[in-house]
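S.K.: Numbering (the working numbering), first residue to last: 491 to 1167. Beta carbons are placed, not taken as given, at the ideal position from N, Cα and C, and that holds for glycine. Remember, it's a predicted structure, so these values are computed and weren't measured experimentally. The following block contains the structure, expressed as structure tokens.
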DNA sequence: GCAAGGTC
């Protein structure tokens, strides 16, 4: 008897879909490692199988590392597990008589389903149906199955294909151009890269770096003051915040230091602070940076581990929604079985109505990040921290509004001098109780300042200051910038930032762009300014929308991209030497310290130089020609680096050359017996 | 060895 085949995006989704459609009669088996769910719907046999995200991707239709390449094909990704799953799905598809794509209802999901149905299942995409759903709830999945579209959503599929192909054409070709130009200039091999998302991100960092460099610090003076009212100390702010001469500030300090004033006026404002929304990935990454100092990629890795151990829900989500169907009451109850969360869970459940605060962002396939109620037996310290942050944030969304009282007093010392004193009290702690220790506001006991209270100025200090340059980005701030600009996706942003570090384009926690980063952006801007612009992404998105709505043809869009890129690469090839020299020069600076001190004069550094006469590269001392004439010939190809060892014969440094898979080492002393053969 | 996007 034949059956229907339903393709899903990932294992967890396949399981949800299988149980939603099959009720209790689901039989689970493994075929070549692939989970297969067998069930019946109205007497018809059905097999539900998962993919692992993309199983197919674009690759060049030729071999080698030449450029530019425009001829691409879709092929299985080079991953053993994925290849096994493709084989397994292909065999199961042979026995099927109808097909349904039940991947996430977005561009990438539609493409994942399409490539599998087309390339693994023998072109059955043309007779497949498409389930459309926005959450993986039972009701919605059943209705999505019943009302499935009678064909694949090809418009969305084509938009996805174009996204992949265009990114490859821009990214891989430009990266190869950079690497190749540097290699030919004698700079050896180093991984360099450029792309639609990473290059505009790096450009934004460069612009900030330039602003910082252009900043001229102006001196100014300010007062740092403290006042005691009713026995409590408060910082006080003088009515003038910036003085432009030290004398002015000193005069005020002299008039006020140690003096008694009185509270002339008090302004009280009450603010209602609703609970924060539940986490999506970006929120979690920013919050974990704020409270633990974790980088976004670290937080993501930890959250993914917690997801794999079933402690938290799917972390790669942009949703800030917690639909009732998640069984929120049950989750709270399960968490409440542990000592740690007992009290909070009890108080939330006591209220009766379990309704969380939600945020505005949604996600086509997942709810906000939340605990599942399962507690993993073992968690590392880091996992425990992130887990606790997620649990307490989840609890907080069920809390009442917090009420903050802000009191602002005007304190007068004499007729000329007055200060502002601010105090903030938590009147109703509401949700903040659940979110401790991650929120600092506390209820304050004791008296509050009132009109006519005495105020003693225990400190009025003059401070020398300078106007500050704009702040550097941190990875956390950079993620927020990328989100605002629509650069990358929730799943890729952290990884792309990591990549910029790995390439040596940026460094430091407060991100600084290196000379190499500047050189790459400079070259891109000269030859292909669009690639450093955030508009590149919006333009591609515009094209994708037009393809999705059927107004434009996918092939035409890719051809247009090829047409705009061809002259760009021609220009690059014309200026190959210039580009190569520039990268080579910068690389050399970076490698200066890597090669180590000069073994002859001991004060300079070894570096790679290129002879003006012969065009060949060699190792020379950077004290040449003034104090030192050390030199040593090296192979013209390959990456040069200092090895950890010194020569056994003469003690000179050993240099390593890596060219593809070949590695060889030699001593940099031309007169050393190890070099005589 | 190169992009950006999905997923373990």
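Within the chosen definition, does the stretch 1032-1046 reach the stretch 537-553 through at least 3 CB pairs nearer than 8 Å?
M.R.: Not touching, per the Cβ criterion.
S.K.: So residue 1110 is in the beta strand (DSSP E); what residue range does that whole segment cover?
M.R.: Its beta strand (DSSP E) spans residues 1107-1111.
S.K.: Going by the CB atoms, is the gap between residue 712 and residue 733 shorter than 8 Å?
M.R.: For residue 733 and residue 712, yes; Cβs fall inside 8 Å.
S.K.: Starting from residue 509, trace the alpha helix (DSSP H) in both directions and tell me its first and last residue.
M.R.: Segment 501-512, the alpha helix (DSSP H) holding residue 509.
S.K.: Below 8 Å CB to CB, which residues in the same chain sit around residue 1004 once its five sequence neighbours on both sides are set aside?
M.R.: Closer than 8 Å at Cβ, skipping near neighbours: 994, 995, 996, 997, 1080.
S.K.: Only counting the same chain, and skipping five residues up and downstream in sequence, which positions put a Cβ closer than 7 Å to that of residue 567?
M.R.: Within the same chain, residue 567 has close Cβ partners 544, 545, 546, 547.
S.K.: If you count every other CB in all the chains shown that lies within 10 Å of the CB of residue 983, and 16 or more means buried, which is it?
M.R.: Buried is the call here.
S.K.: Out of 684, 654, 656, 892, state which residue places its alpha-carbon closest to the alpha-carbon of residue 668.
M.R.: Out of 684, 654, 656, 892, 684 has the C-alpha closest to the C-alpha of residue 668.
S.K.: Spell out the partners DSSP gives residue 1157 in its beta bridges.
M.R.: Looking at the DSSP assignment, residue 1157 forms a beta bridge with 1144.
S.K.: Starting from residue 678, trace the alpha helix (DSSP H) both ways and give me its first and last residue.
M.R.: Here residue 678 belongs to no alpha helix (DSSP H), and DSSP marks it neither H nor E.
S.K.: So, residue 719 versus residue 878, is the Cβ gap smaller than 8 Å?
M.R.: Result no, Cβ atoms of residue 719 and residue 878 do not sit closer than 8 Å.
S.K.: Inspect the beta-carbon positions of residue 806 and residue 774 and report whether they are closer than 8 Å.
M.R.: Their beta carbons are not under 8 Å apart, which means residue 806 does not touch residue 774 by this criterion.
S.K.: What do you get for residue 1033, buried or exposed, if any count of 16 or more other CB atoms within 10 angstroms of its CB means buried?
M.R.: Buried is the call here.
S.K.: What does the alpha-carbon distance come out to for the pair residue 801 and residue 789?
M.R.: Cα to Cα, the separation comes out at about 15 Å.
S.K.: Cutting at 8 Å between CB atoms, please list the residues of its own chain near residue 948, excluding the five before and the five after it.
M.R.: Contacts found: 716, 717, 718, 723, 748.
S.K.: So, do the stretch 921-939 and the stretch 888-908 have three or more beta carbon pairs nearer to each other than 8 Å?
M.R.: In short, these stretches touch, since the Cβ pair count reaches three.
S.K.: Tell me, please, which residues DSSP counts as bridged to residue 893.
M.R.: DSSP output for residue 893 lists 762, 918 as bridge partner(s).
S.K.: I need the boundaries of the beta strand (DSSP E) containing residue 951, first residue and last residue.
M.R.: It spans 944-956 - the beta strand (DSSP E) in which residue 951 sits, taken as one unbroken run.
S.K.: In whole angstroms, what is the alpha-carbon distance linking residue 584 and residue 638?
M.R.: Each residue's alpha carbon lies about 22 Å from the other.
S.K.: At the level of alpha carbons, what is the spacing between residue 665 and residue 1122?
M.R.: Going by the C-alpha atoms only, they are around 31 Å apart.
S.K.: Need the endpoints of the alpha helix (DSSP H) that residue 782 sits in, please.
M.R.: That run of the alpha helix (DSSP H) goes 771-782.
S.K.: How would you call residue 757, buried or exposed, if buried means at least 16 neighbouring beta carbons within 10 angstroms?
M.R.: Label assigned to residue 757: exposed.
S.K.: Which residue or residues does DSSP assign as beta-bridge partners of residue 912?
M.R.: DSSP, once it has assigned bridges, lists 898 as partnering residue 912.
S.K.: In the DSSP assignment, the alpha helix (DSSP H) including residue 989 goes from what residue to what residue?
M.R.: 983-992 is the span of the alpha helix (DSSP H), which, as asked, contains residue 989.
S.K.: Would you identify the three-state DSSP class for residue 732, choosing helix, strand or coil?
M.R.: It is coil, neither helix nor strand.
S.K.: With distances taken from CA atoms, which of 642, 620, 527 is nearest residue 636?
M.R.: The shortest Cα separation from residue 636 among 642, 620, 527 belongs to 620.
S.K.: Please determine, among 799, 857, 1002, 876, the residue with the shortest C-alpha to C-alpha distance to residue 867.
M.R.: Among 799, 857, 1002, 876, the Cα nearest to that of residue 867 belongs to 799.
S.K.: Assuming residue 861 contacts residue 880 under a Cβ cut-off of 8 Å, what Cβ separation, rounded to an integer in Å, is found between them?
M.R.: Rounded, the Cβ-Cβ distance is 6 Å, consistent with contact.
S.K.: Report the option in 574, 710, 843 whose CA atom is closest to the CA atom of residue 738.
M.R.: Ranking 574, 710, 843 by Cα distance to residue 738 puts 710 first.
S.K.: Please determine, among 1062, 525, 830, 917, the residue with the shortest C-alpha to C-alpha distance to residue 540.
M.R.: Per the Cα distances, 525.
S.K.: What are the boundary residues of the alpha helix (DSSP H) that includes residue 587?
M.R.: Unbroken run through residue 587 is the beta strand (DSSP E), 586-591; no alpha helix (DSSP H).
S.K.: For my contact list, residue 687 and residue 978 are in at a C-beta cut-off of 8 Å; report their separation, rounded to the angstrom.
M.R.: That pair is a contact at about 4 Å.
S.K.: Buried or exposed for residue 495, please, with buried defined as at least 16 other CB atoms from any protein chain shown within 10 angstroms of its CB.
M.R.: The residue in question, residue 495, is buried, as its Cβ has 16 or more Cβ neighbours within 10 Å.
S.K.: On the CB-based measure, 16 or more other CB atoms within 10 Å of its CB, does residue 930 come out buried or exposed?
M.R.: So residue 930 counts as exposed.
S.K.: Look at the alpha carbon of residue 1049 and the alpha carbon of residue 778, and state the distance between them as a whole number of angstroms.
M.R.: Between residue 1049 and residue 778, the C-alpha separation is close to 44 Å.
S.K.: Taking contact to mean at least 3 C-beta pairs separated by less than 8 Å, is the stretch 1017-1031 in contact with the stretch 690-710?
M.R.: At 8 Å Cβ cutoff, the stretches touch.
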